[in-house]
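Scroll down for the structure; my scribbles are underneath it.
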Ligand SMILES: [Zn+2]
């Protein structure tokens, strides 16, 4: 049984190369492999556009090809990896400035309004769940910075998705989910400030929910998305 720690620190032990199905796969191994590759993509350790070689990952993660191919397939579905016929996998190119602006325009049209509606539908139970989600994000993890950064990206995605769910329009929720916004924007820059400031802004959104105040929730969400955009925009000038 492999621990997540073994994956966080690449192990250079020889992995079985025969693809033997006799190997007992630990439960959760696919998830761990997915997390390990996601962390490398989010932290640009595998840079945008770079080739991803299955054999290299087999060596680095000391696992067989199967969970790696599964993880790459999942990441392909999430838009972080592209598969080219006869060439194989590579990291998706960085989103363009135009696409970035379009994403934020879309978010600003949909998310503040959804936050307002979520405030009206708020219950103590839902609020407790959202607060817990925010608490998970702020907790100092034992993982290294890069792993924590990719975890934050996903938890932020879940936090925003949950608010859209409470707001109640499934089409809006699906539309935003299909953009995989959070993975793409967090991949622009690996920076601790991005997460720290976002947590304060999330706290303001939660306070508006706690007060059941739709106007305050709309405003807090608008401010959060605008600041998020302004934090990440300099990435295009690098
Ligand atoms: Zn957020």
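Numbering (UniProt numbering), first residue to last: 1 to 238. From the three backbone atoms N, C-alpha and C, an ideal C-beta is built for every residue, glycine too. Just so you know, these numbers come straight off a predicted model, no measurement behind them.
Contact test: residue i Cβ vs ligand 1 heavy atom, cutoff 6 Å
i           : result
residue 119 : no
residue 198 : yes
residue 230 : no
residue 55  : no
residue 113 : no
residue 156 : yes
Integer Cβ distance of residue i from residue j, believed to fall under 8 Å
i           : j           : result
residue 52  : residue 72  : 7 Å
residue 111 : residue 160 : 7 Å
residue 50  : residue 91  : 5 Å
Spatial distance of residue i from residue j (CA atoms)
i           : j           : result
residue 40  : residue 46  : 6 Å
residue 31  : residue 179 : 22 Å
residue 220 : residue 55  : 46 Å
residue 69  : residue 151 : 21 Å
residue 37  : residue 106 : 29 Å
residue 64  : residue 82  : 21 Å
residue 119 : residue 218 : 9 Å
residue 78  : residue 156 : 15 Å
residue 173 : residue 204 : 22 Å
residue 116 : residue 233 : 26 Å
residue 199 : residue 134 : 7 Å
residue 129 : residue 44  : 31 Å
Neighbour-count burial assignment, residue i, 16 or more Cβ in a 10 Å radius
i           : result
residue 132 : exposed
residue 211 : exposed
residue 166 : buried
residue 214 : buried
residue 97  : exposed
residue 195 : buried
residue 207 : exposed
residue 33  : buried
Min CB distance residue i to chain C below 7 Å
i          : result
residue 68 : Reference to chain C is not applicable here, since this structure consists of a single protein chain.
Worksheet item: Using 8 Å as the Cβ pair cut-off and three pairs as the minimum, do the region 225–233 and the region 100–109 touch?
Response: yes
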